[in-house]
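>
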Amino acid sequence: MDHVIYSFEKLEAWLKAKELVKNVYSVTQSFPKNEQFGLTQQIRRAAVSVASNIAEGSGRKSPKDKAHYSVMAFGSILEVINQLILANELEFIEEKIYQNTRKLAQETSYMINALYKQQISGSKKKIL
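In the numbering used here, the protein residues as written are 17 to 144.
#1: For valine 96 and alanine 121, which I take to be in contact (beta-carbon distance under 8 Å), what is that distance rounded to the nearest angstrom?
#2: Going by other Cβ atoms of all chains shown within 10 Å of its Cβ, with 16 needed for buried, is tyrosine 22 buried or exposed?
#3: Which residue from Tyr114, Lys112, Ala130 puts its Cα closest to that of tryptophan 30?
#4: In whole angstroms, give me the CA-to-CA distance for leucine 144 and isoleucine 70.
#5: Express the C-alpha separation of phenylalanine 108 and proline 48 in angstroms, rounding to a whole number.
#6: How would you call glutamine 99, buried or exposed, if buried means at least 16 neighbouring beta carbons within 10 angstroms?
#7: Could you pull out every residue in the same chain whose Cβ sits closer than 6 Å to the Cβ of lysine 34, ignoring the five residues on either side in sequence?
#8: Beta-carbon within less than 6 Å of valine 37's beta-carbon, same chain only, minus the 5 sequence neighbours each way: which residues are those?
See the structure below:
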């Protein structure tokens, strides 16, 4: 049975966010076991939230509604970056892994911002 390709699956921001989720899950496997329900769960949940908000927003009808979900995704990516900083300072991850994951998170934030700007410009065009 063939499956449908949804519009969000073609978005570069979602593809990058999906890559970040997989990276975060891999990185957090080495976190201390006593952090399983603390920082590990929080950073994973935030990373998944980024991709999920992009996907959910793609299903909204108006550009303004789509942009709202991009704002939510951007907030979640900032949460991921914050948690990466904490994990690094707590020495849960090696510096090189931290730098690579943070770079991926930053790239994702840039793509979300670009998506937001595109959505907002679509919103303004319909108003005029």
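Beta carbons are placed, not taken as given, at the ideal position from N, Cα and C, and that holds for glycine.
According to the structure data:
#1: On the sequence shown, residue 96 is found 80 positions in, with the first residue counted as 1. On the sequence shown, residue 121 is found 105 positions in, with the first residue counted as 1. The C-beta distance from valine 96 to alanine 121 rounds to 5 Å, short enough to meet the 8 Å contact threshold.
#2: Translated into the one-based positions of the sequence shown, residue 22 becomes position 6. Under a 10 Å Cβ-count criterion, tyrosine 22 is classified as exposed, with fewer than 16 other Cβ atoms of the shown protein chains found around its own Cβ.
#3: Translated into the one-based positions of the sequence shown, residue 30 becomes position 14. Restricting attention to Tyr114, Lys112, Ala130, the CA atom closest to the CA of tryptophan 30 is found in Ala130.
#4: In the sequence shown, the residue the question calls residue 144 occupies position 128. In the sequence shown, the residue the question calls residue 70 occupies position 54. With a pLDDT of only 35 at leucine 144, under 50, the local geometry of the prediction cannot be trusted, and no value is derived from it.
#5: Position 32 of the sequence shown, counted from the first residue, corresponds to residue 48. Position 92 of the sequence shown, counted from the first residue, corresponds to residue 108. Inter-residue distance for proline 48 and phenylalanine 108 is about 7 Å (C-alpha atoms, whole angstroms).
#6: Along the sequence shown, read from residue 1 onward, the residue named residue 99 stands at position 83. Within 10 angstroms of the beta-carbon of glutamine 99 lie 16 or more other beta-carbons, which makes it buried.
#7: For the purposes of this step, residue 34 is identified with residue 18 of the sequence shown, where counting begins at 1. Within the same chain, Cβ atoms closer than 6 Å to the Cβ of lysine 34 are found at Ala67, the five residues on either side in sequence being excluded.
#8: For this step, residue 37 is matched to residue 21 along the sequence shown. Excluding sequence neighbours, valine 37 sits near Ala63, Val64, Ala67.
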